[in-house]
Structures are given as C-alpha cells and as structure tokens.
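Protein chains: 2
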Amino acid sequence: MSRRDRPAKPALTREGVIATATALVREEGAGRLTMRRLAQRLDTGPASLYVYVRDTAELQAAVLGEFLGAVDLTPAATAGEWTGRVRRIVDSYTGVLLAHPSLARVAVVTRPSGPHYLALIESLLVVLGEGGMPDDRAAWTVDLLLLVATASAAEHGTRREEDGAEEAADDALAESLRGAPADRYPRLAALAGELLSGEGPDRAGWFVDLVLVGAAGTPRP
Amino acid sequence: MSRRDRPAKPALTREGVIATATALVREEGAGRLTMRRLAQRLDTGPASLYVYVRDTAELQAAVLGEFLGAVDLTPAATAGEWTGRVRRIVDSYTGVLLAHPSLARVAVVTRPSGPHYLALIESLLVVLGEGGMPDDRAAWTVDLLLLVATASAAEHGTRREEDGAEEAADDALAESLRGAPADRYPRLAALAGELLSGEGPDRAGWFVDLVLVGAAGTPRP
DNA sequence: ACCTGAACACCGTTCAAGT
DNA sequence: ACCTGAACACCGTTCAAGT
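Heads up: the sequence lines are chains A and B, in that order.
Following the numbering used here, the numbering of the first sequence begins with 46 at its first residue and continues without gaps.
Following the numbering used here, the numbering of the second sequence begins with 46 at its first residue and continues without gaps.
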C-alpha cells in the first residue's frame, strides 16, 4: 500500500503523539517505547517528536499518566471505612501496573505526569485526612504508599512476565537465597522460604496495611 | 604509549572483570557501565566479556553486591536497643547508595548478588528476631525495609545529583504539584509543600521507623 | 577449547538545511 | 516559522572464524 492510498497523514499534536505512544505501550509493552519506533508509527522521523516532547523521560511520564486514568477513584470505590478505602485505591493503582508489567518497571523510576496522577494523590490525601491523619503525616504517607505499591508491582510483574533475562535474574536470587550456607547465614537459611514466599497481591496488601498502621503510630520528626 | 610498553595484558577472570566494573562505576558512575566501555578498560572487545558474565543485568547485580561490602554490619554498629540497630544498619545501606547516586537507580531495578547482600539480609533477620518479631513477619519486613530504603535513596540521590535531565523531571513534578488548581485538587494544593518537603535522610528515617512500628502491629495474612 | 573481530540490529539527540 | 534527513555518538548481543 503506497502513501497515496492511505488517508492524509494527520497533523501531529502533543496529544496525538502521547496517544499513539500509549497505544504502542498497550500493544507491545513499555520496553518497545522508543523515539524511533514511535516516529515510525506516526510516519515521521524521530527528530520531529522533539517538537512535542522534551525527551524520552518526559514521554514516559506522560504515558504513565495516561494509564493512571484507569485507576478507580469513583465514590463507590472509595466508600466505607477509611483504611479499606485506601486499600481499594492502592489496589486499583497496583492493578493498572500489573496489567502492563513493563509499565511498573517504568514507574519505579519515572513519576507520572498529568491530571490522573494529581487526582490519585488528591484522593489518597482526602481519605487519609478523613481518617484523622495529621496533614504532614498524610503527605509523606501518600508518598510511601505509592512508592511501596509501585515497587512491589514492579517486582511481582517481573516475576509473572518472565521474559527470559528476568527469569534468569529471578532464579539467581532464589538460588543464592536457598543455597546460602547455613553456617554463615543461619537465619537466612532458615527463612529463605519465607523470604521468597507470598503471591504479589498478598505481600503488597500486607505492605499497605503495615504502612497505615505504622503511619498512625509514628509522628513526623 | 604502545601496547609493548605496558605490562603484559593480564588474563581475564570473572573477579577481575567485576573489580574493573566496580572501579568504573566508582569513577564514572553507574550510567557509564556498559559492556563496550568495560571491554575498553580491559583492553578487549565486548564479546569477550560474555565468557565471564551472562549479560549486563548480571554484571550490574555483581557490582551492586561489591559495593554492599561497605555496609557496616560490625557488632559495634549493631549494638544497643533493637530498633536503633535496625535503623543504623539501614542507614549504612542508604549511605552507600547515596555516596553513588547513580547506583541507587540501578538498585531499584536490580537485586544485588554476592555474599555482602546475603550478610545484610542475615543481619537484619537476626536483629528483628532478637527484637521478638515472628519469623514470617521478619522475612517480609526485611524485604520492605530494603525496598523502601532503596527507593528513597534513588529519589533523594537523583535530587542531589541534578544531572540536567533529572533536574528537569524534578522541576516538572514540583511545578505540577505546586501549580495544581486548588478548586479541583484542594487537599493537594494545601499540602504541596508537605509533599515536597523533607531532606532525604529525614524522610527515609521516618519511613524506617514507620515500617518497624507497622510490622510490630500487623500480623501476616 | 577458548577467545574475539566484525556484524547485526538497534538506541537518543542534534542541527544544518530545506519548505 | 516550522519541520526533518542525515549524521553523530553511542548501545547489547551473537556467531563465524580464527588461534
């Protein structure tokens, strides 16, 4: 099919670039989001993208922010007892990341941009405030909740995806924990099973509960 | 200086490769650790390195493990009340990462390999056990402590290093938080200052205290 | 058997030169 | 003024061919 047979190449806009980037990530994974591949989808050269985004990091942040639109912040999802509401919001966030494991790996390193990220923070601040948490503590607690959720999604997502290289890294860890000499590392040898145990969601859920209990009991310095 | 003037090229070994990689990271930062650059330092082609390491991820894990040798696990550092001992071990770990900020960014994504990492886990398990924490909880708590310490070191390290691109990303976050419209995001607008506040060590220290308080009060599922 | 030159298949980003 | 072809300066990894 030649250039002439297709509809006229649409003018580029920042929104269009980011929408196409989001589609690319959805279809092929975040690992395939590169300036060159994105440019190809948009039928231009990579240089043209720099008119709309500063660099790859900014592009990733925007795509991440786009995905956060799927986090459920509706009142129905956030009804009930406050700890449960925090839990459901964080679970929804985790779910979005786990649905696209490569995305979680981006999120550990890149802060999302855009309104959905702000809305997520806002919702958590509101619920924590309604739970009676002092403002200064609530702010840092939101930070910690998202940090923990992101990191454990990245870890669990990696384990599920198993794309060869990461499977190897995983096996290496398990092997070095399980193979640790009991004379030099007695506690580790005894607890290797526990260290490696837990489905991602169980562990992540426990982490979130722990953060809420800890935050309630730890005044800010 | 020609090839003949230098001492004979030493035979490669895995240890030598990793030692040179560690020196490279110490001198130029983890961002400069590439197969090609490492090969250049070792006076070979990149292909030769694949005899000693599986791939870049394994190399990074090994270098990370090497750096963990600087974490202070001596009895003197781990004396006193148990929460303080945990705190000092984690602080020492954080200190190592903050001394080489680019390293912290590697650590969020890569598990260290080697004996120093095992020794770190062992020490934490021992202290938590002596503090009376049940085994199953202690295992997951160690995980969470290292996860939190690593992630906050990466964030704070990035802020300090300010290498242009990351400064931009930082500014973008601060700007979007501070510029959030107060009508749509009232809590966020009120707490933007708090969200961005805190020197890395203050925040990381609070996180660690919180995890210990939370772990003490949250039974495993 | 061990090692590696050269190639393959990619990257991000810049900037001079075009329209 | 806006856009982009082509170039610059890199990557990781593989494998056929050498010693």
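Even glycine gets a Cβ: it sits at the ideal position worked out from N, Cα and C.
C-alpha gap between residue i and residue j, whole angstroms
i: Ala-92 (chain A); j: Arg-133 (chain B); result: 49 Å
i: Pro-226 (chain B); j: Ala-164 (chain A); result: 11 Å
i: Glu-239 (chain B); j: Pro-55 (chain A); result: 43 Å
i: Ala-234 (chain B); j: Gly-90 (chain B); result: 54 Å
i: Leu-69 (chain A); j: Leu-257 (chain A); result: 36 Å
i: Glu-175 (chain B); j: Arg-232 (chain A); result: 11 Å
i: Val-193 (chain B); j: Asp-88 (chain A); result: 42 Å
i: Gly-110 (chain A); j: Ala-260 (chain A); result: 27 Å
i: Glu-270 (chain B); j: Tyr-230 (chain A); result: Residue numbering for chain B in the displayed model covers 46 to 266; residue 270 (chain B) lies beyond these limits and cannot be assessed.
i: Asp-247 (chain A); j: Phe-112 (chain B); result: 32 Å
i: Ile-166 (chain A); j: Val-187 (chain A); result: 7 Å
i: Val-141 (chain B); j: Ala-115 (chain A); result: 38 Å
i: Asp-254 (chain B); j: Asp-228 (chain B); result: 35 Å
i: Ala-84 (chain B); j: Thr-65 (chain B); result: 10 Å
i: Ser-137 (chain B); j: Asp-117 (chain B); result: 6 Å
i: Leu-190 (chain B); j: Leu-57 (chain A); result: 45 Å
i: Arg-48 (chain B); j: Leu-94 (chain B); result: Only weak support is given to the placement of Arg-48 (chain B): the predicted model assigns it a pLDDT of 35, under 50, and the value that follows is read from those uncertain coordinates. About 20 Å.
i: Gly-74 (chain A); j: Thr-155 (chain A); result: 16 Å
i: Val-151 (chain B); j: Thr-123 (chain A); result: 36 Å
i: Ala-213 (chain A); j: Val-171 (chain A); result: 42 Å
i: Trp-251 (chain B); j: Gly-177 (chain A); result: 19 Å
i: Gly-159 (chain B); j: Arg-99 (chain B); result: 15 Å
i: Gly-129 (chain A); j: Thr-128 (chain B); result: 29 Å
i: Arg-86 (chain A); j: Gly-262 (chain B); result: 52 Å
i: Thr-67 (chain B); j: Ala-144 (chain B); result: 14 Å
i: Ala-217 (chain A); j: Arg-71 (chain A); result: 29 Å
i: Gly-292 (chain B); j: Leu-173 (chain A); result: Residue 292 (chain B) lies beyond the range of chain B shown here (46 to 266); nothing can be said about it.
Contacts of residue i in chain A (Cβ-Cβ under 7 Å)
i: Pro-146 (chain B); result: Those do not exist, as Pro-146 (chain B) stays about 13 Å from chain A at its closest Cβ, beyond 7 Å.
i: Asp-181 (chain B); result: Glu-239
i: Ala-260 (chain B); result: Leu-255
i: Leu-78 (chain B); result: The contacting residues do not exist; Leu-78 (chain B) stays about 16 Å from chain A at best.
Cut-off 6 Å between Cβ atoms - residues of its own chain near residue i, not counting five sequence neighbours on either side
i: Ala-237 (chain B); result: Leu-222 and Arg-223
i: Tyr-97 (chain B); result: Arg-59 and Val-62
i: Ala-149 (chain B); result: Leu-142, Ala-198, Ala-199 and Gly-202
i: His-161 (chain A); result: Gly-110, Leu-113 and Gly-114
i: Gly-76 (chain A); result: Ser-147
i: Gly-245 (chain A); result: His-201
Neighbourhood of residue i by C-beta, 8 Å cutoff - its chain only, sequence neighbours within 5 removed
i: Arg-265 (chain A); result: Pro-179, Asp-181, Arg-182 and Trp-185
i: Pro-120 (chain A); result: none
i: Asp-50 (chain A); result: At Asp-50 (chain A), the pLDDT of 39 sits below 50, so the modelled position is not reliable; the number obtained from the coordinates is stated separately. Counting only Cβ-Cβ distances below 8 Å, and skipping sequence neighbours, we find nothing.
7 Å Cβ cut-off: residues of chain B touching residue i
i: Glu-167 (chain A); result: Tyr-230, Arg-232 and Leu-233
i: Leu-225 (chain A); result: Note on identity: in this sequence residue 225 (chain A) is Ala, with Leu being the wrong assignment. Within chain B, the residues near Ala-225 (chain A) are Leu-163.
i: Arg-265 (chain A); result: Trp-251
Beta-carbon contacts of residue i that lie in its chain and below 7 Å, excluding the five residues immediately before and after
i: Pro-157 (chain A); result: Ala-106, Leu-109, Gly-110 and Leu-113
i: Ala-276 (chain B); result: Any answer about residue 276 (chain B) is impossible in this case: the structure gives chain B only from 46 up to 266.
i: Thr-139 (chain A); result: Ala-194, Ala-198 and Ala-249
i: Leu-241 (chain A); result: Ala-219 and Leu-222
i: Leu-169 (chain B); result: Val-131, Ile-134, Val-187 and Leu-190
Residues that residue i contacts on chain A, provided the C-beta gap is smaller than 8 Å
i: Leu-170 (chain B); result: Arg-232, Leu-233 and Leu-236
i: Gly-177 (chain B); result: The contacting residues do not exist; Gly-177 (chain B) stays about 14 Å from chain A at best.
i: Gly-174 (chain B); result: Arg-232
i: Leu-143 (chain B); result: Chain A residues near Leu-143 (chain B): none, gap ~17 Å exceeds 8 Å.
Under 9 Å by beta carbon: chain B residues contacting residue i
i: Thr-139 (chain A); result: By Cβ distance, chain B contributes nothing, its closest Cβ being about 14 Å from Thr-139 (chain A), past 9 Å.
i: Arg-150 (chain A); result: Val-154
i: Ala-219 (chain A); result: By Cβ distance, chain B contributes nothing, its closest Cβ being about 10 Å from Ala-219 (chain A), past 9 Å.
Partner residues on chain B for residue i, Cβ-Cβ distance less than 8 Å
i: Arg-133 (chain A); result: Those do not exist, as Arg-133 (chain A) stays about 16 Å from chain B at its closest Cβ, beyond 8 Å.
i: Ala-184 (chain A); result: Leu-236, Glu-239, Leu-240 and Ser-242
Beta-carbon neighbours of residue i, restricted to chain A and to distances below 9 Å
i: Val-153 (chain B); result: Val-153, Val-154, Ala-196 and Ala-199
- Relative to chain B, which residues along the region 110-130 of chain A have a C-beta separation below 7 Å, given in chain order? none
- Query: Counting Cβ pairs, one atom from each stretch, are 3 or more of them under 8 Å apart for the region 93-106 of chain B and the region 75-82 of chain B?
  - Reply: yes
- Taking a cut of 8 Å between CB atoms, which residues from the region 87-99 of chain A lie near chain B? Arg-99
- Task: With 9 Å as the limit, tell me which residues of the region 238-258 of chain A have their beta carbon closer than that to any beta carbon of chain B; keep them in chain order.
- Result: Gly-238, Glu-239, Leu-240, Leu-241, Ser-242, Gly-243, Asp-247, Arg-248, Gly-250, Trp-251, Phe-252, Asp-254, Leu-255, Val-256, Leu-257 and Val-258
- Interface residues of the region 188-199 of chain A facing chain B [CB-CB below 9 Å]: Asp-188, Leu-189, Leu-192, Val-193, Thr-195, Ala-196, Ser-197 and Ala-199
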